[in-house]
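Comments concern the structure below.
2 protein chains.
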Amino acid sequence: MAGDQVSNKQVILRDFVEGFPKESDMYIATGTVRLDVPEGSTAVLVKNLYLSCDPYMRNRMSNLVGSYIESFKPGSPISGYGVCKVIDSGHPKFKKGDLVWGMTGWEEYSLITAPETLFKIEHTDVPLSYYTGLLGMAGMTAYAGFFKVCFPKKGETVFISAASGAVGQLVGQFAKLTGCYVIGSAGSKEKVDLLKNKFKFDDAFNYKEEPDLNAALKRYFPDGIDIYFENVGGKMLDAVLLNMKVHGRIAACGMISQYNLKQHEAVHNLIQIVVKQIRMEGFIVFGYYSQYPEYLEMVLPQIREGKIAYVEDISEGLESGPAALIGLFSGKNIGKQVVAVARE
Amino acid sequence: MAGDQVSNKQVILRDFVEGFPKESDMYIATGTVRLDVPEGSTAVLVKNLYLSCDPYMRNRMSNLVGSYIESFKPGSPISGYGVCKVIDSGHPKFKKGDLVWGMTGWEEYSLITAPETLFKIEHTDVPLSYYTGLLGMAGMTAYAGFFKVCFPKKGETVFISAASGAVGQLVGQFAKLTGCYVIGSAGSKEKVDLLKNKFKFDDAFNYKEEPDLNAALKRYFPDGIDIYFENVGGKMLDAVLLNMKVHGRIAACGMISQYNLKQHEAVHNLIQIVVKQIRMEGFIVFGYYSQYPEYLEMVLPQIREGKIAYVEDISEGLESGPAALIGLFSGKNIGKQVVAVARE
Ligand SMILES: NC(=O)c1ccc[n+]([C@@H]2O[C@H](COP(=O)([O-])OP(=O)(O)OC[C@H]3O[C@@H](n4cnc5c(N)ncnc54)[C@H](OP(=O)(O)O)[C@@H]3O)[C@@H](O)[C@H]2O)c1
Ligand SMILES: NC(=O)c1ccc[n+]([C@@H]2O[C@H](COP(=O)([O-])OP(=O)(O)OC[C@H]3O[C@@H](n4cnc5c(N)ncnc54)[C@H](OP(=O)(O)O)[C@@H]3O)[C@@H](O)[C@H]2O)c1
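From first to last, the protein sequence lines are chains A and B.
Going by my numbering, the first residue of the first sequence is number 846, and it counts up by one from there.
Going by my numbering, the first residue of the second sequence is number 846, and it counts up by one from there.
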């Protein structure tokens, strides 16, 4: 197979996006690719199996200046986290047949020129797709954000927004395993049921049915919130600030409700940060990847013993990618959104 | 003198305040006081020498529910930090003639029923009034907020709002002594000159003359801000967020621009906390008083060696108290606002 020239379907960004992304902001094109790495290069050539849909990818669709990440290039395939199989390798760390996860293209085959950033997959007794989420970037985000930013203690109250998603469902379960009292918010009855019944949150509510978020939080946390795992921002953050306990902590993981807005929503209650001596801390998972082995050591046994439930929303085929990706911003995904490009 | 009944001028709160406080929200009344403590009590009876005007006192003029501090009582004297001389003591820790600082009444003489919270003044080679600020609450606030919340490093860039005030002037000088690059904002040319010439800030600007605070900060910090010492909140915070460096820290000390507003100003740029991995942390000085001896050990030699400049704005007589206090909210004070009730 290596050395052959084959066709290569790709998801191409049409142009920079403003406002809410649409399916038509991307299109499918078919090019060709040689299934080997150029002579003398240290690249690897991979076959993409599963691609991860992540909210931050929206930012890369904008024309970014001076950001921590680079814009996608209009006319080129977009990229993101994925699980891949090595077809050919010029890099001593990787050989044909290896399974890896990391940054790859939204296409059938990718030439990865900086393979040092890839993680080799050593444990295959769990579904491979898990390495797009639970055992990949989203898992590390939940782990770092909850344990390394919030320093949770047994008995503390934890609130999680976008709680049924890739990151949220894991934070909630890590919090339960820590002995915390955990409540999540999500955008549909089905998701709320999932939180209560599958992920064993202590309680959950549908934020879209709460006209007064402050009142809702007061009802669910009469004594206040010790830890807020922030995934959405805007109005929810403003309401949470009014309900934090003294010395509360907010892990600022993301603010998905703001990503598509030209003018970000107003937050009015920051004085609470002073009055309640709150620590609000932003973090980016990249800085924590050195702790990935430590994370695996914790989480793999929990998965094998059935202590962690994990819900994925797998959409079939690269062609389904654009719809799956933009679905994140209307809450279409139930659990971790994955695109299956190929099964092996 | 002890045991005598004498007249006692007091500053009385007329009624709870809404919006900007006015001089007429307080009035002067004259009662009487016995200059000894009740038989068997552990109270102390003090003569008030200097009273401290502090922005947080505005909050106590409101009808507070469930706050970290109590409301003042309409019809009763207000209270605050002060420097006092013990006239009579039922407490083993204090004796007649001792000098103390801590919570006292805005009146000539006060009966302090919980004297455990008072600090005994051991060093009198510095002006006594300093214990209302540099060697009292404001000093501890600057010390704790800068060193224990921000963890500054040599070479970092520091921005301070309300920089010429009681807390700000000290934070700036601590930052210079730490080897930081320090810029402050203040509300008049006179204050800006003070920052540059007296407190030796690297630069300073008048925020009232900057129609675009974001542009001003970009000019003064082309490479961004490592540490923001937040005294004012609102628009300034919003602009600062756009100019923080990655891994920047914001010590949320106070938000004086918001204390008199019914609806707090909107802040729109909190996404920067995620993107730049900023830590914003509120703190209240009360939690740090156990480190007061450590602070004195650091700062007293610096004062004696002339390494710390300190500007006070002393208004004469208890009658001048209401005007001095409300002056904080229009920036009338140049440096630490003190009311001198008696010199000894
Ligand atoms: N800091 C980091 O390193 C890092 C890493 C990974 C992810 N993140 C952030 O973590 C958050 C969750 O990411 P994820 O991968 O776990 O995504 P996800 O939760 O699986 O999917 C996104 C979910 O966000 C919710 N949502 C969308 N628009 C919303 C709005 N306007 N208001 C409220 N909720 C909205 C939807 O759920 P509902 O149906 O419940 O509304 C949607 O299903 C995002 O903010 C993301 O950017 C940060
Ligand atoms: N967390 C704590 O434990 C703690 C302890 C002490 C103080 N604090 C806080 O620290 C801050 C400074 O206190 P301080 O005692 O040092 O007071 P200060 O700076 O000596 O006096 C207040 C100053 O605030 C400025 N100001 C007033 N209204 C303003 C507005 N609308 N916008 C911008 N600036 C305004 C004025 O200076 P300009 O002329 O420059 O405008 C005024 O001189 C306050 O927010 C206070 O509440 C917190």
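Note that the Cβ used here is the ideal one computed from N, Cα and C, for glycine as well.
(request) Grab the span of the beta strand (DSSP E) containing residue 892 of chain A for me, first residue to last. (result) Per DSSP, residue 892 of chain A belongs to the beta strand (DSSP E) from 889-897.
(message) Given 7 Å as the limit, tell me if residue 1101 of chain B has its C-beta closer than that to any heavy atom belonging to ligand 2.
(response) At a threshold of 7 Å, residue 1101 of chain B counts as near ligand 2, since its beta carbon sits closer than that to one of the ligand's heavy atoms.
(request) Flag residue 1062 of chain B as yes if its beta-carbon sits less than 8 Å from any beta-carbon of chain A, otherwise no. (result) No, no contact with chain A.
(request) Mind checking the segment 1112-1126 of chain A against chain B and listing, in chain order, the residues whose C-beta falls within less than 9 Å of any C-beta there? (result) Answer set for the segment 1112-1126 of chain A: 1112, 1113, 1114, 1115, 1116, 1117, 1118, 1119, 1120, 1121, 1122, 1123, 1124, 1125 and 1126.
(message) For the structure I just gave you, are there three or more beta carbon pairs, one from the segment 969-982 of chain B and one from the segment 1172-1183 of chain B, closer than 8 Å?
(response) Yes, the segment 969-982 of chain B is in contact with the segment 1172-1183 of chain B.
(request) Would you decide whether residue 922 of chain A is buried or exposed? Buried here means 16 or more other CB atoms lie within 10 Å of its CB. (result) The residue in question, residue 922 of chain A, is buried, as its Cβ has 16 or more Cβ neighbours within 10 Å.
(request) Could you check the C-alpha separation between residue 951 of chain B and residue 1025 of chain A for me, to the nearest Å? (result) One C-alpha to the other measures close to 46 Å.
(message) Measuring alpha carbon to alpha carbon, tell me which residue in B/915, B/968, B/1031 and B/1099 is nearest residue 948 of chain B.
(response) Of B/915, B/968, B/1031 and B/1099, the residue nearest in Cα terms is B/915.
(request) Show which residues of chain A have a CB atom less than 7 Å away from the CB atom of residue 982 of chain B. (result) Near residue 982 of chain B there are no residues of chain A at all, since even the closest Cβ is about 15 Å away, more than 7 Å.
(message) My parser needs the beta strand (DSSP E) runs of 3 or more residues fully inside the segment 1013-1041 of chain A; what are they?
(response) With a minimum length of 3 residues, the unbroken runs of beta strand (DSSP E) contained wholly in the segment 1013-1041 of chain A fall at 1026-1031.
(request) Compute the distance between the beta-carbons of residue 1059 of chain B and residue 1097 of chain B, then report whether it is under 8 Å. (result) No. Outside cutoff.
(request) Confirm, please, whether the CB-CB distance from residue 1117 of chain B to residue 1082 of chain B is below 8 Å. (result) Going by C-beta atoms, residue 1082 of chain B is not nearer than 8 Å to residue 1117 of chain B.
(request) Tell me whether residue 960 of chain A counts as near ligand 2, meaning its Cβ is closer than 7 Å to at least one heavy atom of that ligand. (result) Judged by the Cβ position, residue 960 of chain A fails to qualify as a neighbour of ligand 2 at the 7 Å threshold, every heavy atom of the ligand being at least this far.
(request) Please check the pair residue 1019 of chain B and residue 987 of chain B, which I expect to be a contact at CB under 8 Å, by giving their CB distance rounded to whole angstroms. (result) Taking the Cβ atoms as the reference, residue 1019 of chain B lies roughly 6 Å from residue 987 of chain B, within the contact range of under 8 Å.
(message) Taking 7 Å as the cut-off, is the C-beta of residue 1032 of chain B nearer than that to any heavy atom in ligand 2?
(response) Because some heavy atom of ligand 2 lies under 7 Å away, the Cβ of residue 1032 of chain B counts as near it: yes.
(request) Would you please verify whether the beta carbon of residue 1007 of chain B is less than 8 Å from any beta carbon of chain A? (result) No - not a single Cβ of chain A is within 8 Å of the one on residue 1007 of chain B.
(message) Give me the subset of the segment 899-920 of chain B whose CB atoms are less than 8 Å from a CB atom of chain A, sorted by chain position.
(response) Contact annotation: in the segment 899-920 of chain B, residues whose CB is within less than 8 Å of a CB in chain A are 912 and 913.
(message) In whole angstroms, give me the CA-to-CA distance for residue 936 of chain A and residue 1069 of chain B.
(response) C-alpha of residue 936 of chain A to C-alpha of residue 1069 of chain B: approximately 39 Å in a straight line.
(request) Check the Cβ-Cβ distances between residue 1128 of chain A and every residue of chain B, and say whether any is below 8 Å. (result) With 8 Å as the cut-off, residue 1128 of chain A counts as an interface residue toward chain B.
(message) Mapping the DSSP letters down to three states, classify residue 1077 of chain A as helix, strand or coil.
(response) Residue 1077 of chain A falls in the coil class under three-state DSSP.
(message) Using C-beta distances below 8 Å, list every residue in its chain close to residue 863 of chain A, excluding the 5 sequence neighbours before and after it, in chain order.
(response) Around residue 863 of chain A: 907 and 1107.
(message) On a Cα-Cα basis, can you pick out the residue from A/1080, A/1130 and A/974 that is closest to residue 1155 of chain A?
(response) Here the closest residue by C-alpha is A/974.
(message) Using only CA atoms, which one of A/1035, A/1009 and A/933 lies nearest to residue 884 of chain A?
(response) Sorting A/1035, A/1009 and A/933 by C-alpha distance to the C-alpha of residue 884 of chain A places A/933 at the top.
(message) Taking the beta strand (DSSP E) that residue 956 of chain B belongs to, which residues open and close that run?
(response) Counting along the chain, residue 956 of chain B sits inside the beta strand (DSSP E) bounded by residues 954-957.
(request) Could you work out which residue in A/990, A/1122, A/1010 and A/1092 is closest to residue 1043 of chain A when comparing CA atoms only? (result) It is A/1010 whose Cα lies nearest to the Cα of residue 1043 of chain A.
(request) Below 7 Å between beta carbons is the criterion; list the residues of the segment 1068-1079 of chain A that meet it against any residue of chain B, in chain order. (result) Cβ contacts with chain B come from 1078.
(message) ligand 3 and residue 1098 of chain A: does any heavy atom of the ligand fall closer than 7 Å to the residue's C-beta?
(response) Ligands displayed in this structure: ligand 1 and ligand 2; ligand 3 is not among them.
(message) At a cut-off of 7 Å, would you count residue 1003 of chain B as near ligand 2, judging by its Cβ distance to the nearest heavy atom?
(response) Residue 1003 of chain B: no, Cβ never under 7 Å from ligand 2.
(request) Consider the Cβ of residue 832 of chain A: report whether some Cβ of chain B lies at a distance smaller than 8 Å. (result) In the structure as shown, chain A starts at 846 and stops at 1189, and residue 832 of chain A therefore has no counterpart that could be examined.
(request) Kindly indicate the opening and closing residues of the alpha helix (DSSP H) around residue 962 of chain A. (result) In the DSSP assignment, residue 962 of chain A falls outside any alpha helix (DSSP H) and carries neither an H nor an E.
(request) Measure from the alpha carbon of residue 1016 of chain A to the alpha carbon of each residue in A/1036, A/1032 and A/1153, then state which is nearest. (result) In terms of Cα proximity to residue 1016 of chain A, the closest of A/1036, A/1032 and A/1153 is A/1153.
(message) If I measure Cβ to Cβ from residue 1063 of chain B and keep anything under 7 Å in the same chain, skipping five residues before and after, which residues do I get?
(response) Cβ neighbours of residue 1063 of chain B beyond the five flanking positions: 1088.
(request) Find the residues of chain B that neighbour residue 1082 of chain A, judging by a C-beta separation of less than 9 Å, and give them in chain order. (result) Among the residues of chain B, those whose CB is under 9 Å from the CB of residue 1082 of chain A are 1115, following chain order.
(request) With a floor of 3 residues, list each beta strand (DSSP E) that falls wholly inside the segment 984-1016 of chain A, ordered by position along the chain. (result) Restricted to the segment 984-1016 of chain A, the beta strand (DSSP E) segments that are unbroken, complete and at least 3 residues in length are 1002-1005, listed in chain order.
(message) Can you tell me where the beta strand (DSSP E) holding residue 935 of chain A begins and where it ends?
(response) From DSSP, residue 935 of chain A is part of no beta strand (DSSP E); its letter is neither H nor E.
(message) My parser needs the beta strand (DSSP E) runs of 3 or more residues fully inside the segment 1080-1144 of chain B; what are they?
(response) Scanning the segment 1080-1144 of chain B from its first residue to its last, the whole beta strand (DSSP E) runs of 3-plus residues come out as 1089-1097 and 1124-1127.
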